[in-house]
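Only one structure is covered here, and it is reproduced in the block below.
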Amino acid sequence: MAGRAALTAWLGGDTSRPTTTTAVRFTLEELAAVAPGNAVEVRVPPAGAVQVVEGPRHTRGTPPNVVETDVETWLALASGRTTWADAVAAGRVHASGERADLTAWLPLQAARPRP
1 MAGRAALTAW LGGDTSRPTT TTAVRFTLEE LAAVAPGNAV EVRVPPAGAV
51 QVVEGPRHTR GTPPNVVETD VETWLALASG RTTWADAVAA GRVHASGERA
101 DLTAWLPLQA ARPRP
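Using full-length UniProt numbering, read the sequence shown as starting at 1 and increasing by one per residue.
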């Protein structure tokens with residue numbers, strides 16, 4: 001299943017692991033395209049992780065800027081079903097570091113429902 005199709009299926013209620021994993025990987029790739037860089041590591045276990053946002057690059061160990069969340073929360077953020085502030089306040093996103101705020105890039109344009 002292609003990434004956009006998986007995301008559309010998730011938006012329609014399909015929460016199977018293959019669908020959500022593909023949708024997460026697609027949206028992480030889209031995030032990397034709109035926020036290129038290596039300053040922030042975004043982790044959505046077990047589906048994937050990506051380094052994004054311009055700034056100091058880290059090469060070993062735990063990066064100084066980390067965002068971690070679960071699959072459902074990530075897809076809700078990417079698609080606009082929830083906001084960054086609400087997810088952080090609810091403890092569904094763990095963000096550390098001065099660059100670990102993805103508000104400027106979420107929701108992803110590619111993840112928004114199309115007519």
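No residue lacks a Cβ here, since even glycine has one placed at the ideal position from N, Cα and C.
These numbers were taken from a predicted model, which means no experiment stands behind them.
To which residues of the same chain is residue i closer than 6 Å at the C-beta, ignoring the five residues directly before and after it?
i: Ala95; result: Val67
With DSSP collapsed to three states, give me the class of residue i.
i: residue 126; result: The displayed coordinates of the chain run from 1 to 115. Any statement about residue 126 would go beyond what the structure contains.
i: Gly48; result: strand
i: Arg43; result: strand
i: Ser79; result: helix
i: Thr20; result: helix
In whole angstroms, what is the alpha-carbon distance linking residue i and residue j?
i: Leu77; j: Ala87; result: 8 Å
i: Pro63; j: Ala100; result: 11 Å
i: Arg25; j: Ala47; result: 7 Å
i: Arg60; j: Ala39; result: 12 Å
i: Thr19; j: Arg92; result: 21 Å
i: Val34; j: Trp105; result: 7 Å
i: Ala6; j: Gly97; result: 31 Å
i: Ser16; j: Leu108; result: 22 Å
Tell me, to the nearest whole angstrom, how far the beta carbon of residue i is from that of residue j; I am working on the premise that it is less than 8 Å.
i: Gly80; j: Glu54; result: Contact flag wrong, Cβ pair sits at about 24 Å.
Sorted by chain position, which residues of the same chain lie with C-beta nearer than 8 Å to residue i's C-beta, five sequence neighbours on each side aside?
i: Val50; result: Leu28, Glu29, Leu31, Ala32, Glu41 and Val42
i: Ala85; result: Thr103
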